[in-house]
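Structure first, commentary second.
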Amino acid sequence: MTETSSSGLTRRALLRAFAATAVTAAPTYSMAAGFLRGGGDIRRIRMYSGRTGERLDMVYWIDGDYIKDAVKEINFFMRDWRVDQVKTMDLRTIDIMAASHNLLDVSEPYMLLSGYRSPQTNAMLRSKSRGVARNSLHMQGQAADLRLASRSVSQIANAAASCRAGGVGKYYRSNFVHMDCGDIRTWGG
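Residue numbers (numbering that gives the first Met the number 0): 0 to 188.
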């Protein structure tokens, strides 16, 4: 049964208009670092680097506040190890990583393949692979390439994409997922 208002609009049409308005407003909230689905009241990031042998298991956010020293350690861990340069990582990317990890319900740490990349490192990697963007968000401290042994590329990418907070790339042949806090988009088979 369809109800019609005195203006000639059906109830369904009014609901569609309301839903469209809500969807339009949603990106403002979804981009807020504290609003990610799966983020939680305590945010923790667990990673290891096969390149440096370093490990990180860090609570970096509690009840709406980032912990300055923890963030500093995350920045150091995600440095460009090739040239030993540290960049302040965009906390939105860290939040996406942590929320995705929570959604996957694993205790295994991420293997960090790439966090910050200096322009020199990005150019070197670009010369060896067509998959490296000229203006990569890695150079802005806004991206990470990650892997979990216990989860597939599709599972990790689906968790990251469900956050609706940035870019998610699937790299099946190299067995990793790219996460960034740029525009919401996905790529890869």
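Ideal Cβ positions, reconstructed from N, Cα and C, are used throughout, including at glycine.
Bear in mind that the values here come from a model prediction, so they are computed numbers and not experimental data.
**Q.** Simplified DSSP state of A132, which is helix, strand or coil
**A.** Three-state DSSP puts A132 in coil, outside helix and strand.
Q: Consult DSSP for I61 and reduce its assignment to one of helix, strand or coil.
A: Residue state, collapsed to three classes: strand.
**Q.** Coil, strand or helix - M178 by DSSP
**A.** M178 falls in the strand class under three-state DSSP.
Q. In this structure, does DSSP put M77 in helix, strand or coil?
A. Coil.
Q: Counting only the same chain and skipping the five closest in sequence on each side, list residues whose C-beta sits under 6 Å from that of W60.
A: Answer for W60: R42, listed in chain order.
Q: Would you mind giving the Cβ-Cβ distance between R146 and T120, rounded to the nearest angstrom? I have them listed as a contact below 8 Å.
A: The Cβ separation is near 19 Å, so there is no contact.
Q.
Check this for me: beta carbons of L111 and S48, under 7 Å apart or not?
A. Going by C-beta atoms, L111 is nearer than 7 Å to S48.
Q) If you draw a straight line from the C-alpha of M57 to the C-alpha of Q84, how long is it? A) Distance between the alpha carbons of M57 and Q84 is about 21 Å.
Q: For Y28, count neighbouring Cβ atoms within 10 angstroms of its own Cβ and tell me buried if that reaches 16, exposed if not.
A: Any reading at Y28 needs caution, since the residue's pLDDT is 33, under 50, leaving its predicted position unreliable; the model's value is listed next. Counting C-beta atoms within 10 angstroms of its own C-beta, Y28 has fewer than 16 neighbours from the protein chains shown and is therefore classed as exposed.
Q.
Across the region 140-154 and the region 170-187, are there enough close Cβ pairs to call them in contact, namely three or more that are closer than 8 Å?
A. Taking 8 Å as the limit for Cβ pairs, the verdict is that the region 170-187 does touch the region 140-154.
**Q.** Of the listed residues A159, I93, D62, nearest to E72 (C-alpha basis)
**A.** Here the closest residue by C-alpha is I93.
Q: Mind reading off the beta-carbon distance from G140 to T87? Whole number of angstroms is fine, and I expect it under 8 Å.
A: Right, their Cβ atoms sit about 6 Å apart.
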